[in-house]
Every structure is written in structure tokens, then in C-alpha cells.
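Notes for the one structure printed next.
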Amino acid sequence: MRRMNAASLPIPRIALYQDWLARECALRFHDYEAMWSWSVTELDAFWASIRDFFGVESPTPATAVLADDRMPGAVWFPGAQTSFARQVLRHADAAHAAGHPAIVFQRERMAEPVETRWPELRRQVGSLAQAMRDAGVRRGDRVAAWLPNTPHAIVAFLATASLGAIWSICSPDMGPVAVLDRFRQIEPTWLFAVDGQTWGGTPHDRRGVLREILDGLPGLRDLAFVADLDPRANAAAFARPGLAVHEWPALVAGDGAGFEPEWLPF
11 MRRMNAASLP
21 IPRIALYQDW
31 LARECALRFH
41 DYEAMWSWSV
51 TELDAFWASI
61 RDFFGVESPT
71 PATAVLADDR
81 MPGAVWFPGA
91 QTSFARQVLR
101 HADAAHAAGH
111 PAIVFQRERM
121 AEPVETRWPE
131 LRRQVGSLAQ
141 AMRDAGVRRG
151 DRVAAWLPNT
161 PHAIVAFLAT
171 ASLGAIWSIC
181 SPDMGPVAVL
191 DRFRQIEPTW
201 LFAVDGQTWG
211 GTPHDRRGVL
221 REILDGLPGL
231 RDLAFVADLD
241 PRANAAAFAR
251 PGLAVHEWPA
261 LVAGDGAGFE
271 PEWLPF
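Every position in the sequence shown, counted from 1, becomes a number in the numbering used here once 10 is added.
This is the structure we're talking about:
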């Protein structure tokens, strides 16, 4: 058994946060329970510290931390703006310079993991977001995804979030009834969908299920088709009146230059 040198072990984030509280806020807790008690009784101080510790950016200041504590309907950081996609991608240059990949992906029947570097992730997100914007996707629009846990899903989510659109995702191993029960509630106008998925060591072609899903979502304007199981799968086979069909490679082929995620109310 290999011995681990304590000095080489990563420092837990909660320990870094405790050190930060002591240094920046003069707050010291003798154990975890004491810190937890503070976090649930001093809500303004705790959540303001979380915002500052993680460096959550906003171009406009908040006028309060918790303006309304009604549940549901609590109002946090009124006046502030945020962007999850911007928060993630703003670290891209530093993370890439330090040699950290953005995504490490491996699935069944894949001998070695595949890495996506930060500049490539940022480029793909920018390209896809611009293509979605050009197609008419706007803040508040609903975007659904019928995708497995692949890099496609991460890129699609970040692009959607960067536009201020609403995201919902289901796994391709779910059948049409379950998928439609979820997606019909939000009435999506854009759908990301895959041709199939491998599980249990067996490839499963799901294009027949996709057709049923499309039949059940008449409000769709755009389909982004991911030929993941079979690269030869034909996206045009899903074309129908009123539905624009896009192939994934074309959506992420742009340089993404100049695209900036939108700021949204916190």
C-alpha cells in the first residue's frame, strides 16, 4: 500500500473557507457544529461570506443580502446580477495555464478518458450560444435536452445559461411518456437530442423514441441533433414543417470570439 504524504493531500474547501473567515472576517469556530449554527442563524453574514469567498461577480451592487425571507419566494441579493456560465468560464485562462482540463470524460467501452481543455470549452460554448441566439433563443425561453452525461450536455447547458434561457434535461434511457411528462410542463422551443446511448455494454438506438418526443412537443422550433451513437445518423430524417434541424458539429464549429454571457438578475 502506498503511503500518502499529508503535505501532498489537497486541502478541503471547507478548511480553506474557515481560514478565510478567520483572516477576512475575524470569525473563528472551535468545531463544525459551531460554524453550522452560525450559518443558519446569521443568514446575511453567512451568505455574504459565501459570495465573497467564491468571488461571485456582479456588475451592480446588491442593496441587501436577504431582502425577503418568505419561503417560497425568498429574495436574495436584490440589485445584484449574476451569470453561472460567466462564473465558470472566467477561470478558463488561469485553469488552462495551470494545466487543468475543463472536462475529463470516459464512458463504457472507452479505453482511455478524453479531456476537453478550457479554451476549447469556451470556444464551443460561445459558438453554440451565438448559433442559438441567431436562431431566436432569448432570455426566458425554455430549452430542453434529451442527452446522456457527455461533454455535449455541459456545452449545451453553459450555452443555454449564458443566454438566460431556462434549462431542463432528461436521460435518453427514459421513455417518451416520462420525458414528455417533464418537458410539456415548460413548453420548450429548442431541443437537444441524441441518437442513442450505450448502457450495460450494449448500444441502444433511440431514434424511434426521439420521433415520439418530437410528436409530443408541437411548440418546438429547433432541434439540435447529436449523432453520438452512430456518426452516420442523419439529422435531416427528423425534419418536419416548422422545425429547424441543426447538426451538432455545425453548431460548435464557430470561433466563439466576442461572445459574452448575459448578466441576469440574481
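Note that CB positions come from ideal geometry on N, CA and C, so glycine has one too.
Bear in mind that the values here come from a model prediction, so they are computed numbers and not experimental data.
To test your reading of the DSSP string, which unbroken alpha helix (DSSP H) runs of 4 or more residues are found completely within the region 92 to 160?
94 to 99, 102 to 107 and 128 to 144
Alpha carbon to alpha carbon, how far is I60 from W46? Give it in angstroms, no decimals.
13 Å
Does the region 143 to 154 come close enough to the region 66 to 79 that 3 or more CB-CB pairs lie under 8 Å?
no
Give the secondary structure of R250 by DSSP, where H, G and I count as helix, E and B as strand, and everything else as coil.
strand
Considering only C-alpha positions, which residue in the set V135, F94 and R33 is nearest to G266?
V135
Taking W156 as the reference, which of P259, R133 and A237 has the closest Cα?
A237
Every unbroken alpha helix (DSSP H) inside the region 22 to 78 [4 residues or more]:
23 to 35, 42 to 51 and 53 to 63
Please determine if the region 181 to 189 and the region 207 to 220 are in contact, where contact requires at least 3 C-beta pairs separated by less than 8 Å.
yes
Let me make sure I understand the geometry here. Which of V114, D205 and A32 has the alpha-carbon closest to that of E122?
V114
Of the choices A58, V50 and W86, whose alpha-carbon is the least far from that of P275?
W86
Cβ separation of L239 and G206, assumed to be a contact under 8 Å, to the nearest whole Å:
3 Å
For F167, which of helix, strand or coil comes out of DSSP?
helix
Through-space distance from L31 to T199, alpha-carbon basis
45 Å
Taking C-alpha atoms, which residue in W128, R96, W258 and W177 lies nearest to H106?
W128
For F235, list the residues DSSP reports as bridge partners.
A203 and E257
Cβ neighbour criterion (16 or more within 10 Å) applied to W258:
buried
Cβ shell of R250 (< 8 Å), same chain only, five flanking positions each side left out
L224
Please report how far the alpha carbon of S178 lies from the alpha carbon of L37, in whole angstroms.
39 Å
Looking only at its chain, what residues have a beta carbon closer than 7 Å to the beta carbon of C35, apart from the 5 residues adjacent to it on each side?
S59
Three-state secondary structure (DSSP) of S172
helix
Considering D240, what are the terminal residues of the beta strand (DSSP E) in which it resides?
Taken as a continuous stretch (DSSP letters only), D240 belongs to no beta strand (DSSP E), as it is neither H nor E.
L99 to R133, Cα distance in whole Å?
10 Å
Buried or exposed: M81, going by 16 or more other Cβ atoms within 10 Å of its Cβ?
exposed
Taking the beta strand (DSSP E) that D215 belongs to, which residues open and close that run?
T212 to D215
Spell out the partners DSSP gives W177 in its beta bridges.
V153
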